[in-house]
Amino acid sequence: MATSRRSKREPLLHAEEAVFMPQAILGGFNGKYIAYLHTILAFSAFLVALVVGCQTHYYKIVENEYFRYPDEWFPSVSATIGDRYPARAIFQIFIAATATPRFLLLFLWYFVTASRSGSSTTFKKVLLVIGVIRTFACAVFVYVTSSDDHMIHDVGMVIYILFTFPYMFGTMYTSSSSLLQSSPTLVTKANRLRKIMCGLFIFTLGPLVHYYIKHKVDKIPGAYTIYAFFEWSLIMYDISFDAASVYDFQTLHIQVLDVNTMEKQDRDHDFTSAGKSPFSVMSSQREWLSNFIFFSADVYLGFIFWSMLTALPLLIWYFPLWHMGISGYEAFLFITLLPVVLGVPFVRNIVRSYRGIFHLISLIGVASYLWETPTHRLIYAAIGCGISLTTWAATWYGEYEKTGRLERDIASLSLGLVLHNVVKAMWRSNNPIWPIMRFENGGANATGIFIGVLACITLIYRDFSRKQRTHDHSVSSNVDVRWSGIAVGFGAIFFILHSMLSDSSIISRWIARGYSHHEPAPVPWGALVIAALALGYTLSHKVFVTGLTWWTFGTISVFALYYVPQTPGFIAGLGFAVYTMSILPSFIRTVSICPPGRTLFLSMLTYNILDLLHVWVVAYAFVPGGPLLRESTHVILLIMMGLIGIGLRSMPTVDEKYVKSQDSSSFRSRRKLINWKLSGLVLAGALTYISRIPLEKPQPYHPEDKIMTAGIWTIHFALDNDMWASETRMRDTIRELELDVVGLLESDTQRIIMGNRDLTQSLAEDLNMYADFGPGPTSHTWGCTMLSKFPIVNSTHHLLPSPVGELACAIHATLDVYGKHVDVIVSHNGQEEDPLDRKLQTTEIARIMRESPNPFVFLGYVVTKPHVGNYHILMEDGNVNDIDPTDDDRWCEYVAFRGVKRIGYARISHGGITDTEIQSGKFQIVQENELPKDIYRRVNESDIPESQRYPPQFYGDGVRNHKYHVFNEPRYFN
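Using full-length UniProt numbering, you'd call the opening residue of the sequence shown number 1 and step up by one each time.
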């Protein structure tokens with residue numbers, strides 16, 4: 001098949017071609033008919049299925065998991081095309097017929113645009129690959145329906161939507177850059193239609209997500225019907241976008257040739273006139289596609305590595321958390337010293353030569369979630385992490401060209417970290433393949449392992465098919481390198497990437513200083529952190545990144561992030577992200593010419609020591625020598641930047657051959673592929689954060705009675721008693737208890753040992769609540785979080801007096817509760833071992849409550865028995881009332897109030913999520929003259945309106961092990 005584009009005056013065949021070509025031409029047609037055929041078949045597939053589905057099973061296909069007709073009266077796309085015969089069969093037949101013109105459109109678009117100047121050929125190839133992947137993703141969610149396998153169906157749908165944006169924008173760009181000059185009128189018409197359809201597609205996503213949440217989360221009748229209309233409109237916009245090709249292909253004539261009838265010299269002339277044979281073109285295209293697949297596999301294994309590395313301290317932390325001190329399991333951190341074995345040449349050669357196999361073995365770390373016992377999960381996760389780290393390090397040593405395999409491996413590891421940030425943003429700060437995740441709490445471990453196995457098989461195939469043989473150059477290198485300086489600098493960079501840049505919300509949490517001063521918030525500004533990491537890598541091949549000026553910029557940036565709040569501090573944090581990512585490749589290149597065993601050992605030892613120091617600044621009460629580093633993050637920052645400076649000073653002069661190689665075609669080709677992948681990751685991160693922006697204001701559960709239900713809960717950093725992530729279970733419990741305001745203690749999860757998770761943001765989004773987190777990680781507390789259905793007018797973060805023991809945190813917030821200002825304190829006082837601290841802390845909280853003119857609710861962790869010691873300071877000096885003075889079975893948590901009408905009080909068991917119960921109080925907002933004089937008079941539940949009672953499902957055995965306990969029922973008051 002040959003394609004040609006000619007002006008109206010130009011003959012179809014030149015004179016010299018006409019001698020042989022007429023007998024070879026079997027037929028031809030205009031290219032626009034392919035676009036027509038695709039449009040007709042695609043529209044018909046959906047519309048015929050809709051008509052047939054409504055005719056045959058209308059009431060079935062409008063019914064969903066919550067509601068049926070008449071609440072829901074219009075079917076969704078998935079229900080129409082996948083749930084019932086014969087609509088399902090008819091649709092699949094039509095969509096199968098659409099496949100041929102669909103692929104023809106994609107490949108014709110590539111061939112037509114590739115023959116024109118404008119955008120690069122690589123860009124057009126990437127666009128072709130995106131189009132093909134998008135088409136196969138469509139086939140996944142079409143032929144694997146939601147009733148067959150909901151997860152696979154949704155994965156196909158998500159991939160399809162994610163690839164739609166680069167496909168649409170790329171098509172419009174190539175059309176404008178490559179085709180506009182040849183057919184300006186037709187291309188302008190096509191692009192006008194494409195822009196309209198693309199704009200409508202994008203703006204429809206917002207209400208689509210909004211009404212899906214209304215249906216899925218809020219369970220509102222009729223919401224799914226409205227969602228269905230937006231879903232169907234997306235289909236129409238999508239098909240119409242491709243229908244614009246009718247204009248582009250009007251000047252395209254397609255001829256079918258019988259090559260056997262053509263003279264050899266004419267074939268040679270036809271195909272080689274451009275300087276390339278068809279076989280060489282096809283070979284280069286296959287090579288580009290294979291490089292794309294191989295590099296994608298490398299990047300995914302980089303993501304696997306960062307996932308296992310960040311999971312390891314999180315798993316270790318579970319044990320000292322429950323032991324309240326050193327447990328012995330901390331020794332597993334030193335599995336990261338395993339690369340020392342690469343000092344043995346035989347081991348190094350084996351690991352490097354068969355790295356795909358070793359990566360495959362390392363997947364046991366991801367598969368560790370299959371073991372229920374926490375100890376077993378830690379053991380296998382540590383083994384997987386150690387093997388993965390050793391395998392990556394082994395690939396840095398070999399006799400490679402600096403623009404070859406080493407650069408590819410550096411890019412893979414760097415982009416793997418960016419991908420790690422994107423995936424965590426998609427899963428709201430949890431990593432779906434961590435061993436603390438499983439299907440029940442939102443994990444995708446099995447999917448992660450499956451893709452990992454495919455990636456490993458891809459590497460094994462590449463290494464064996466290419467029969468690569470590499471030889472060490474590290475030991476015999478004549479380059480003068482001070483390996484010890486390089487090692488400590490590299491260890492410091494590894495620590496920074498793990499502690500500060502393995503989650504895109506960390507920087508936002510460092511600069512927060514209260515609810516009124518918490519911007520830029522993680523959502524949506526975390527997308528800029530992902531972009532900063534990508535920018536840092538793109539600068540990594542510049543010579544200046546290893547210079548003193550750039551190091552000074554990085555040092556100033558990190559200390560500005562630490563000391564300066566809000567937007568200036570956030571900008572400094574972005575600068576530091578750019579800096580760190582830009583110097584990572586230079587350090588790996590230099591490590592690759594250092595003695596492997598001792599260099600890697602010292603690097604990882606430096607990383608481990610910094611890890612421990614990072615923990616000791618906040619856990620100083622539980623570790624030997626802890627007080628020496630109490631509240632000393634600034635010291636750690638100084639040490640790590642000093643070590644990086646030493647590493648930079650130890651680097652050899654930049655290799656001139658490497659600088660010159662940057663102008664080579666192979667380097668530019670690889671750089672383009674990397675930049676396209678980085679752009680895709682940045683776009684995915686941006687779309688993820690945009691989709692997380694809340695679309696509606698939080699609403700209290702019972703505004704009709706002006707009820708405010710408040711609670712306090714110590715949550716042990718969202719790790720339950722069996723070492724599973726507990727955010728999902730906490731969300732369900734808070735929602736079912738109808739807590740309008742809740743204080744969550746031990747909630748600072750923005751550290752290495754807690755996985756750098758943004759627990760606060762995750763729960764706030766799921767529960768549709770305002771959130772205040774603080775004081776932040778730079779204040780060295782275990783963390784307080786306040787979630788509220790009521791607007792937060794103002795809040796102040798307090799570091800309570802703590803001269804002896806651990807720092808105590810408190811949030812003092814003013815809420816707009818039904819038009820009235822009500823103050824709430826959430827606090828976490830010190831431990832039993834530090835009586836002076838607890839007394840001073842309680843005195844300070846009492847002062848804050850006493851001096852406030854507003855009604856007040858106290859939700860806190862006090863560590864005292866009722867009616868003893870600090871209890872009197874809290875209640876009497878604070879001028880508040882205990883919610884139930886007759887409850888003598890309390891020790892840690894207390895609820896107190898002033899200026900609001902107490903309705904009820906309940907104690908709910910922790911359900912295995914932590915070792916601490918939930919305490920809750922129900923209050924009614926009334927005028928001061930309506931407050932009862934006898935605030936302690938008990939009444940029966942039957943005397944309380946149903947809308948003011950606690951939920952009934954927590955009676956008896958309760959739900960998910962949560963139940964009313966101690967009294968076995970709520971207590972109610974007049």
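Glycine is no exception: its CB is placed at the ideal position from the N, C-alpha and C atoms. Note that the structure is a prediction, hence the values are computed from the model and not measured.
Residue i versus residue j - alpha carbon distance
i      : j      : result
Ile734 : Leu584 : 43 Å
Met500 : Pro568 : 17 Å
Ser273 : Phe111 : Only weak support exists for where Ser273 lies, its pLDDT of 45 falling under 50; the value from the coordinates is given anyway. In a straight line, the C-alpha of Ser273 is about 16 Å away from that of Phe111.
Leu744 : Glu519 : 21 Å
Ile460 : Arg428 : 33 Å
Glu696 : Val824 : 24 Å
Pro374 : Tyr167 : 44 Å
Cys430 : Gly442 : It should be pointed out that residue 430 corresponds to Asn in this sequence rather than to Cys. Cα to Cα, the separation comes out at about 9 Å.
Ser290 : Ala455 : 13 Å
Tyr818 : Phe856 : 15 Å
Gly485 : Arg134 : 48 Å
Ile34  : Leu105 : 7 Å
Ala137 : Leu208 : 20 Å
Leu763 : Glu727 : 7 Å
His153 : Thr164 : 17 Å
Ser476 : Gly302 : Any reading at Ser476 must be qualified, since the residue scores a pLDDT of 42, below 50, and its modelled position is unreliable; the value itself is stated next. C-alpha separation (whole angstroms): 29 Å.
Asn721 : Ser747 : 16 Å
Gly956 : Val423 : 40 Å
Arg408 : Arg731 : 42 Å
Ala425 : Thr688 : 7 Å
Coil, strand or helix - residue i by DSSP
i      : result
Asp882 : strand
Pro568 : helix
Met723 : coil
Ser669 : helix
Phe967 : coil
Phe856 : strand
Ile811 : strand
His153 : helix
Asp934 : coil
Val543 : helix
Glu844 : helix
Classification of residue i by the beta-carbon crowding that lies within 10 angstroms, buried from 16 upward
i           : result
Pro775      : buried
Thr709      : buried
Pro853      : exposed
His867      : exposed
Arg68       : exposed
Val617      : buried
Gln699      : exposed
Ala331      : exposed
residue 978 : It is not possible to answer for residue 978, since the shown part of the chain is limited to 1 through 974.
Ala725      : buried
Arg847      : exposed
Met151      : exposed
Asp943      : exposed
Val51       : exposed
Glu832      : exposed
Asn968      : exposed
Phe897      : buried
Glu928      : exposed
Leu836      : exposed
Val158      : exposed
Lys677      : buried
Gln55       : exposed
Phe495      : buried
8 Å contact criterion, which residue i and residue j should meet: CB distance rounded
i      : j      : result
Leu683 : Pro339 : That pair is no contact at about 34 Å.
**Q.** Start-end ranges of the alpha helix (DSSP H) lying completely within the stretch 599-662, minimum 4 residues
**A.** Listed in chain order, they are 633-649 and 656-661.
**Q.** Secondary structure, alpha helix (DSSP H): runs of 4+ residues fully inside the stretch 211-250
**A.** 223-243 and 245-248, all fully within the stretch 211-250.
Q. Can you list, in chain order, the stretches of the beta strand (DSSP E) that have 3 or more residues and sit fully within the stretch 358-424?
A. If we require 3 residues or more, the stretch 358-424 turns out to have no beta strand (DSSP E) run fully inside it.
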